[in-house]
Structure formats: structure tokens, C-alpha cells
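See below for the structure under consideration.
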Amino acid sequence: MMVIMKSGHSQEEMDQILSRLNEIGLKGHQIVGVERTVIAVVGSIYPELADELETMDGVDSTVPISSPYKLAGRETKPEPTVVKIGDVEIGSGRTVYIAGPCAVESEEQIMETARAVREAGAQLLRGGAFKPRTSPYSFRGLGEEGLLLLEQAGKSVGMPIVTEVMSVREVDLVAQHADVLQIGTRNAQNFMLLEEAGRTGKPVLLKRGLASTIEDWVLAAEYILNTGNPNVILCERGIRTFETATRNTMDINAIALVKQISHLPLIADPSHGTGKWSLVKPVALASIVAGADGVIVEVHPNPDHALSDGAQSLNFKRFRELIEASRVIGDAIGRPLWPAAAEAAPA
Ligand code: PEP
Ligand code: MN
């Protein structure tokens, strides 16, 4: 960290800062310039230090030098992290598809969807059992029953499953049945939940909070990594902006930028990112081109009858078209699709 001194600061103010740094085990190196004097601070800097120093007399501002991401940053680990889920790898340079309904609604619905997305070329099956809904009067998922139906569907078609865990109370239950724990946008900064999910050792799919900056989001991942669990998959799912024509604003910038600053694999969720099925394909393709390692997409046998998120769900035909377009784009940019679950283990 660099501490920039105000012009005209006194020697006494400088001495006080140096002795404060000394007191907390850090070294301050004074660099005297023509207009300004700065102090380079060396040692293990904690997050509150900038605020502490900025309240001291004579200090103008502080500038962090090393990245705040001790575990998620490329500075710590330049090579990409690959998260393995069964035989599928996310972050390997091949594009992975996670598909399924927003919510598990019935045995028939999840089984039919599982078969269709597997045939179309998806590798992982998604489906919500514990649903975070804006209104408590909306369909909130089948809970444990939905989780068991999803597990059964995944096993019967040979696909690992991804589902959301909403509270610390359900972490053990969900971890017992799911291959990947999803932390939703509304819980993206529920730090206790992040740590509990991390402690299971299972891969965690961390959605970006709907009002999280990129720094908030990567620091949230840091909570999971800090439990000793390296298997974190980031997911850009759109953020809240002033725009009302789409449900959220898909932040394609974030995909490209986060791939630069972090070694973690990152996937895109164009379903929640746009809120409209007709925008899912173009935004999925754009996300792949921007550097996403995979796409998570909502697919329903009958979107107009879906109990949640029907407007953004693809039917089976549209999902097949999306996979085909992704194959063409993936081949063109040197990030081909991961072999489909159906190819890896024909039924
Ligand atoms: C979901 O994946 O169905 C979901 C609720 O996602 P998000 O948390 O991104 O809204
Ligand atoms: Mn949804």
C-alpha cells in the first residue's frame, strides 16, 4: 500500500504515521518527491488499514498495490483453476452446459427435461428445490422432495446435479444429494452461508449478487476459498441497473474482466441475465466469446406453464438450437463444447 501525504504535512505527522506502522508490525518506507511525499507500506496489510491511516493527520489518501484477492487472484495463482464434477471439467478451455428448469415441479417434468437436455448436449442438470422468490406467495419450490426428485433424475440419465442452497440450515441436506451447491444472487453476500457451503468441500457455484460490484463478488468467493475449498465456480447472472426493458443487465464486461483478474472458472447465466427467452441465445453466445467457461440455462418442457421463470425458459427445441449455435461459435474461437453427457455414456 502507498500512503500519499498531504502537501505541507509536518514532520511530526509523518513520525506519527511511521510509529503507528511500526506498532502494528509493518514497515513504512518514505519516498520524498518534488511535490508530494509518499510512504510505501510493506508487511501483511489488513483490510481496515487504509481507513485507519486515512483518518490520521497529514494523510491525503492511500492506494492499494497488491490485489485484495489473496486466494482468488491471478497474482497468487496465474494458471486457471479447473473444477471437476464427475467426469466434467469447468475451466478446462472447453465450454460446459448446465441446463434444466428453474424449479423442480414434478417427477415427470424433471425426468422429461433431464432426458431432453442430455440428448441435446448438456453435461450437468440444474433445478431449484429451495427457491428464493421475491414474493412469499409465489411458488417456493418442492424443498426436500424436489431435491430428491432432482437427484433421481440426474442419476437416471447419468448427469451430475446443481441446485441452490438458501440457508445454513439446509447445507448438509443439499450437500448430501447435490454435486454442486449453488449460492443464489440474493445470498451472494451471506458470509455464514458461503463458509458453510465451502466447508462441505463440494463445488460451489457462486452467482454474482444483484447489486454486487466485481470486487464484492470476487471477495465473496474468497470466503469460500478461505475454508480450504478450491472448487468455486463464479456465475455472472446480470445486475440491477436503471434499465427496465430487460429483467437484469447482463454484464459482459465482468466476464472478460474477471477472467483476467481471477483464476477461477466462470460461467454465464443468460436466463436470469436477460429475463426473456428470445435474448438467451445471443447473450449466451456473447458470453462464450467474452470468455465464459460455460453457460447455465433454464429449460422447461412447457415454458408457458412453468411455475417460475417461464418467460426466460427455453423449450427443448430452442435449447437444441442454442447448443448447435454454441458448438459453431465454440469451434470458431477454439473453445469447443465439452462432450455431451449422452456421448460420454450413451443410454
Ligand atoms: C436460479 O438459478 O433459478 C436463481 C434463482 O438464480 P439467481 O439467484 O441468479 O436469481
Ligand atoms: Mn430461475
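Heads up: the sequence shown begins at 0 in numbering that gives the first Met the number 0, then just goes up one per residue.
For glycine and all other residues, C-beta sits at the position ideal for the given N, C-alpha and C.
All figures in this text were calculated on a predicted structure; none of them were measured in a lab.
- The alpha-carbon of threonine 54 is positioned some 17 Å away from that of glutamate 22.
- Looking only at Val327, Ala310, Gly57, Phe315, the smallest Cα-Cα distance to alanine 113 is reached by Phe315.
- According to the DSSP assignment, tyrosine 96 belongs to no alpha helix (DSSP H) but to the beta strand (DSSP E) extending over 95-99.
- Separation of the CB atoms of glycine 72 and histidine 8 is rounded to 33 Å, and the pair is thereby denied contact status at 8 Å.
- Each of Thr273, Asp292, Gly200, Thr36 was checked against the Cα of glutamine 175, and the nearest Cα belongs to Gly200.
- Each residue's CA atom was taken as its position, placing isoleucine 328 and proline 335 some 8 Å apart.
- Taking the Cα positions, threonine 248 is about 33 Å away from serine 60.
- Shown here, isoleucine 23 sits in coil according to DSSP, grouped into three states, outside any helix or strand.
- DSSP places isoleucine 260 in the uninterrupted alpha helix (DSSP H) bounded by 251-260.
- At a cut-off of 7 Å, the beta-carbon of aspartate 308 counts as near the ligand MN: some heavy atom of the ligand is closer than that.
- Taking non-hydrogen atoms of the ligand MN into account, the C-beta of glutamate 22 is found less than 7 Å away from none of them.
- Glycine 153 counts as buried, since no fewer than 16 other beta carbons sit within 10 angstroms of its beta carbon.
- For the pair isoleucine 223 and leucine 256, the CB atoms are not nearer than the 8 Å cut-off.
- Threonine 94 places its beta carbon less than 8 Å from that of aspartate 292.
- Pairing methionine 4 with valine 40 gives a Cβ-Cβ distance that is not under 8 Å.
- Fewer than three pairs of CB atoms, one per stretch, sit closer than 8 Å, so the segment 68-82 makes no contact with the segment 269-281.
- Taking 4 residues as the minimum length, the alpha helix (DSSP H) runs contained wholly in the segment 96-129 are 106-119, in order along the chain.
- One thing to note: isoleucine 254 has its Cβ within 8 Å of the Cβ of leucine 265.
- Within its own chain, the residues whose Cβ lies closer than 6 Å to the Cβ of arginine 246, once the five positions on either side in sequence are excluded, are Gly274, listed in chain order.
- Annotated three-state conformation of alanine 71 is coil, per DSSP.
- Aspartate 14 sits in a helix when the DSSP states are folded into three classes.
- Judged by DSSP in its simplified three-state form, valine 41 adopts strand.
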